[in-house]
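K.L.:
Under this note's numbering, think of the first position of the sequence shown as 97, with each following residue one higher. Before I ask anything, let me first share the structure, which is written out below as structure tokens.
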Amino acid sequence: GTLRAGSRRLLVDDGISVPATEDAPDHQSIVHVALGRSYCGCILLEDELRPGAGESVAALEKMGLKTLLLTGDRRSAGLAAGKEAGIAEVHAELSPGDKAELVENRQIAGRPVLMVGDGINDAPSLSTAEVGCSLSGGTDIALETSGLVLTRPQIALLPVAVRLGRRTLRIIRQNLFWAFAYNLVALPLAAAGHLLPIHAAGAMAVSSVCVVANSLRLSGKRSSLCSNRH
Numbered sequence: 097g098t099l100r101a102g103s104r105r106l107l108v109d110d111g112i113s114v115p116a117t118e119d120a121p122d123h124q125s126i127v128h129v130a131l132g133r134s135y136c137g138c139i140l141l142e143d144e145l146r147p148g149a150g151e152s153v154a155a156l157e158k159m160g161l162k163t164l165l166l167t168g169d170r171r172s173a174g175l176a177a178g179k180e181a182g183i184a185e186v187h188a189e190l191s192p193g194d195k196a197e198l199v200e201n202r203q204i205a206g207r208p209v210l211m212v213g214d215g216i217n218d219a220p221s222l223s224t225a226e227v228g229c230s231l232s233g234g235t236d237i238a239l240e241t242s243g244l245v246l247t248r249p250q251i252a253l254l255p256v257a258v259r260l261g262r263r264t265l266r267i268i269r270q271n272l273f274w275a276f277a278y279n280l281v282a283l284p285l286a287a288a289g290h291l292l293p294i295h296a297a298g299a300m301a302v303s304s305v306c307v308v309a310n311s312l313r314l315s316g317k318r319s320s321l322c323s324n325r326h
């Protein structure tokens, strides 16, 4: 017969009777095993949080971001992991489609979503979120569907990436403001004959230099953020 291994939900959906496992520790994951239509038993697994996970969650919350834990694991194991990481809102026993639907519901409510994951089951929600983030060493499909990939498998880099992204957006807005302000002032003066072509060209060069110099501030900011992390 066919060997099946997975969650209770997977086996029950296939018409297999799965006995209760109340004696399993709350923090452990359960993988049920069946051969054909016969239930064989279960395997207990225990995951460890990535180093720095709790500190990263605290840093994200401090930046005003609300953190949620989405997991396909049973609820007791999800709650235990959430408690250890400092995440209050936990959604457990989710299929890949359930995760993507939850992300969509947040978006409909007007809440931009940053989804972090590195597994095959995370791919639909990674592609649905405004920003999908995976870590180096994740599955190929997770890396392909993510718009942001942390080059080292260290979750502590996530707050650094968020700060750098916000800083980049601020500088883009500053550069756009400077460019529009230059055109708003210089074009009417040139059209009225109050600004000689040579002066207009010089002002344009100065404007371009200012935009480039402002953008170069990101390099120094990136080094500062990375050094602070260490």
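All residues carry an ideal CB built from backbone N, CA and C; glycine is no exception. Since this is a predicted model, take the numbers as computed values, not measurements.
Is the CB-CB distance between G182 and G150 below 7 Å?
P.N.:
Your numbering for residue 182 matches position 86 in the sequence shown. Your numbering for residue 150 matches position 54 in the sequence shown. Yes, Cβ-Cβ distance for G182 and G150 is below 7 Å.
K.L.:
Buried or exposed for L231, going by 16 or more other Cβ atoms inside 10 Å?
P.N.:
Along the sequence shown, one-based indexing puts residue 231 at 135. Buried.
K.L.:
Under DSSP, the alpha helix (DSSP H) around E142 begins and ends at which residues?
P.N.:
As a working note, residue 142 is residue 46 in the sequence shown. Neither: E142 is in no alpha helix (DSSP H) and is coded neither H nor E.
K.L.:
Of the choices P220, L145 and S191, whose alpha-carbon is the least far from that of R104?
P.N.:
Translated into the one-based positions of the sequence shown, residue 104 becomes position 8. Out of P220, L145 and S191, S191 has the C-alpha closest to the C-alpha of R104.
K.L.:
From T247, H123 and L314, pick the residue whose C-alpha is nearest to that of G233; which is it?
P.N.:
On the sequence shown, residue 233 is found 137 positions in, with the first residue counted as 1. Of the candidates T247, H123 and L314, the one whose C-alpha sits nearest the C-alpha of G233 is T247.
K.L.:
Starting from the Cα of S242, find the closest Cα among V199, L210 and N279 and give me that residue.
P.N.:
Residue numbering aside, residue 242 sits at position 146 when the sequence shown is read from its first letter. Selected option, being the one with the closest Cα: L210.
K.L.:
Which two residues bound the contiguous alpha helix (DSSP H) that contains E180?
P.N.:
The residue you call residue 180 lines up with position 84 of the sequence shown. E180 -> alpha helix (DSSP H) spans R171 to A181.
K.L.:
Less than 6 Å between the CB of L244 and some heavy atom of the ligand HEM, yes or no?
P.N.:
As presented, the structure is devoid of all ligands, the ligand HEM included, so that no description of it is given.
K.L.:
Whose C-alpha, out of E189, P115 and A257, is nearest the C-alpha of H128?
P.N.:
Mapped onto the sequence shown, residue 128 falls at position 32. If we check each option's Cα against that of H128, P115 comes out closest.
K.L.:
Look at the alpha carbon of L244 and the alpha carbon of C229, and state the distance between them as a whole number of angstroms.
P.N.:
In the sequence shown, residue 244 corresponds to position 148, counting from 1. In the sequence shown, residue 229 corresponds to position 133, counting from 1. So the alpha carbons of these two residues sit roughly 5 Å apart.
K.L.:
Specify whether the segment 247-267 and the segment 151-170 touch according to this definition: at least 3 beta carbon pairs, one from each stretch, less than 8 Å apart.
P.N.:
At 8 Å Cβ cutoff, the stretches touch.
K.L.:
Using the Cα positions of G193 and V308, report the straight-line distance between them to the nearest angstrom.
P.N.:
Locating residue 193 in the sequence shown gives position 97, where the first residue counts as 1. Locating residue 308 in the sequence shown gives position 212, where the first residue counts as 1. Roughly 44 Å between the two C-alpha positions.
K.L.:
Give a yes or no on whether the C-beta atoms belonging to N217 and G168 are separated by under 7 Å.
P.N.:
Along the sequence shown, one-based indexing puts residue 217 at 121. Along the sequence shown, one-based indexing puts residue 168 at 72. In this structure, G168 lies closer than 7 Å to N217 by Cβ.
K.L.:
Mapping DSSP to helix, strand and coil, what is S152?
P.N.:
To locate residue 152, count along the sequence shown from 1; it is residue 56. In the structure shown, S152 sits in a helix (DSSP, three-state: H, G or I).
K.L.:
Between I237, A252, I267 and I139, which has its C-alpha nearest R146's C-alpha?
P.N.:
Locating residue 146 in the sequence shown gives position 50, counting from the first residue. Per the Cα distances, A252.
K.L.:
Just the C-alpha distance for R100 and G261, rounded to the nearest angstrom, thanks.
P.N.:
As a working mapping, residue 100 is identified with position 4 in the sequence shown. As a working mapping, residue 261 is identified with position 165 in the sequence shown. Straight-line Cα distance between these residues: approximately 43 Å.
K.L.:
Between which residues of its own chain and N271 is the CB-CB distance below 7 Å, once the five residues before and five after are set aside?
P.N.:
One-based indexing of the sequence shown puts residue 271 at position 175. Cβ within range, chain order: V307, N310 and S311.
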